[in-house]
Amino acid sequence: MNLDFSIQPPSTELISDLCEKARYIRRDVLLTITNAESGHPGGPLSMADYMTALFFKYLNIKPHKSDWEDRDRFVLSNGHASALQYALMAGRGYFPRAELLTFRATNSRLLGHPSSVMLPGIEISTGSLGQGLSVAQGMAMGCKLAGKNELTVYCSCGDGELQEGSIWEAVMSASHYKLDNLILMVDANNAQIDGYVEDVMRLEPLVDKFKSFGWQTIEADGHHMQSICESFELAQIRTGKPTVLLFKTTMMKGCPTYENIPGWHGRPPTPEECSGMLKELGFDETYEEARKTLAEDC
33 MNLDFSIQPP STELISDLCE KARYIRRDVL LTITNAESGH PGGPLSMADY MTALFFKYLN
93 IKPHKSDWED RDRFVLSNGH ASALQYALMA GRGYFPRAEL LTFRATNSRL LGHPSSVMLP
153 GIEISTGSLG QGLSVAQGMA MGCKLAGKNE LTVYCSCGDG ELQEGSIWEA VMSASHYKLD
213 NLILMVDANN AQIDGYVEDV MRLEPLVDKF KSFGWQTIEA DGHHMQSICE SFELAQIRTG
273 KPTVLLFKTT MMKGCPTYEN IPGWHGRPPT PEECSGMLKE LGFDETYEEA RKTLAEDC
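Here the sequence shown is numbered in the working numbering, starting from 33 and rising by one per residue.
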């Protein structure tokens, strides 16, 4: 990644702390989905590193006051990755971690796709792919019109989602209105529910496409925490352009036996598989043991 601005490099202590947090976030995601016997593990594990950096370092929020007017906004356009957002929100203190075990259960606040009606802290209900960036673009424009130029609107989407035409309408509009308070994060893991992205509908050259629309475009290793933090630092600088962070990632990252297999886009692990995944993440507990620990974290 070539940085065009002089920025403060993240400290070794910060990088180490975020890496460890991301490891535990992956653990909670796997426990959440395995317990529900339903959900999408592939994307959340590929997104976990940069999303951990966002939620624990860069996103300006107050979990105890989710409707704080001057908060940054976050839109999970790829709403099927909800287990990751819930794990991050629990980690930030929006609700007890034990509530993760209600994921997708009847009367739970933690729906399969995020609902702003059910759970405080969710900005917009998502799940219909391709719509989130348009919502985020509107939020960013609203902040500008209200004179709140210091607020940042972050939007997450998967690379497969970029096959939706509405994404590119929002890309064009955001550039036209010079929304430099809008940051799009793309999980470029080259895998979607139907197979590998390049086989389903080729997207490259993505960098050239975003640049041609007038976006500041930054590529980074989505599993290298220092590069992730440097990307976010650079994205904070107002340049008169919206910013896209193209994070190169691997589906199911952290669990080598299961990595880069599109079938894991939407299949929950069995308890036995989850135990193996936890071991590959460096945890010395089975799924049942880890689930018991999570259930007691009230």
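All residues carry an ideal CB built from backbone N, CA and C; glycine is no exception.
Please read all numbers here as calculations on a predicted model, not as lab measurements.
Same chain only: Cβ atoms within 7 Å of residue i, ignoring 5 sequence neighbours per side
{"i": "TRP296", "result": "PRO73, GLY74, MET283, MET284, TYR290"}
{"i": "SER160", "result": "none"}
{"i": "PRO76", "result": "VAL61, ALA113, ALA115, LEU116"}
Residues near residue i in its chain [Cβ-Cβ closer than 8 Å; skip 5 each side]
{"i": "PRO294", "result": "GLY74, ALA223, GLN224, ILE225, ASP226, GLY227, TYR228, MET283"}
{"i": "MET204", "result": "PHE245"}
{"i": "GLU230", "result": "ASN222, GLU236"}
{"i": "PHE37", "result": "Caution is warranted here: a pLDDT of 39 is assigned to PHE37, below 50, making its placement in the model unreliable, and no coordinate value can be reported."}
{"i": "ALA327", "result": "ALA130, LEU133"}
{"i": "HIS145", "result": "GLY111, HIS112, SER114, SER157, THR158, GLY159"}
Rounded C-alpha distance that separates residue i from residue j
{"i": "LEU235", "j": "LEU266", "result": "25 Å"}
{"i": "ASP60", "j": "ALA119", "result": "6 Å"}
{"i": "ALA220", "j": "LEU278", "result": "7 Å"}
{"i": "THR334", "j": "HIS208", "result": "Outside the displayed range of the chain (33 to 330) lies residue 334, so it cannot be described from this structure."}
{"i": "GLU201", "j": "LYS89", "result": "30 Å"}
{"i": "ILE269", "j": "ALA252", "result": "17 Å"}
{"i": "GLY195", "j": "PHE106", "result": "This sequence places Gln at residue 195; Gly is not what is there. Computed Cα separation, rounded: 21 Å."}
{"i": "THR281", "j": "VAL218", "result": "10 Å"}
{"i": "LEU132", "j": "THR184", "result": "28 Å"}
{"i": "ALA322", "j": "MET83", "result": "22 Å"}
{"i": "ASN67", "j": "ALA172", "result": "37 Å"}
{"i": "LYS210", "j": "LEU165", "result": "15 Å"}
{"i": "CYS51", "j": "ILE260", "result": "11 Å"}
{"i": "ALA122", "j": "ASN292", "result": "27 Å"}
{"i": "ASP49", "j": "GLU317", "result": "22 Å"}
{"i": "SER43", "j": "LEU91", "result": "18 Å"}
{"i": "CYS330", "j": "SER157", "result": "26 Å"}
{"i": "GLY192", "j": "GLY71", "result": "18 Å"}
{"i": "CYS306", "j": "LEU63", "result": "7 Å"}
{"i": "ALA54", "j": "CYS287", "result": "13 Å"}
{"i": "ASP81", "j": "LEU108", "result": "15 Å"}
{"i": "SER147", "j": "THR302", "result": "26 Å"}
{"i": "CYS175", "j": "PHE264", "result": "20 Å"}
{"i": "ARG58", "j": "THR325", "result": "15 Å"}
Exposed unless 16 or more other CB atoms sit within 10 angstroms - verdict on residue i
{"i": "PRO300", "result": "buried"}
{"i": "VAL149", "result": "exposed"}
{"i": "GLU262", "result": "buried"}
{"i": "ALA178", "result": "exposed"}
{"i": "MET257", "result": "buried"}
{"i": "ALA137", "result": "exposed"}
{"i": "GLU45", "result": "exposed"}
{"i": "PRO128", "result": "exposed"}
{"i": "ASN181", "result": "exposed"}
{"i": "ASP212", "result": "buried"}
{"i": "GLY254", "result": "buried"}
{"i": "MET233", "result": "exposed"}
Cβ-based neighbour list, residue i, same chain, cut-off 6 Å, excluding 5 preceding and 5 following
{"i": "PRO95", "result": "ARG124, GLY125, TYR126"}
{"i": "ILE100", "result": "For the sequence presented, residue 100 should be read as Trp rather than Ile. Taken in chain order, the residues that qualify are LYS94."}
{"i": "ALA206", "result": "GLN169, LEU214, PRO274"}
{"i": "VAL239", "result": "THR249"}
{"i": "ILE47", "result": "MET257, GLN258"}
According to DSSP, residues forming a beta bridge with residue i
{"i": "LYS280", "result": "ALA220, ASP253"}
{"i": "THR275", "result": "ILE215, GLN248"}
{"i": "TYR228", "result": "ALA223"}
{"i": "VAL107", "result": "CYS187"}
Handout entry: In chain order, each beta strand (DSSP E) run of at least 3 residues that lies wholly inside the stretch 37 to 87
Key = none
Problem - Ordered list of alpha helix (DSSP H) runs contained in the stretch 119 to 187, each at least 4 residues - result: 164 to 177
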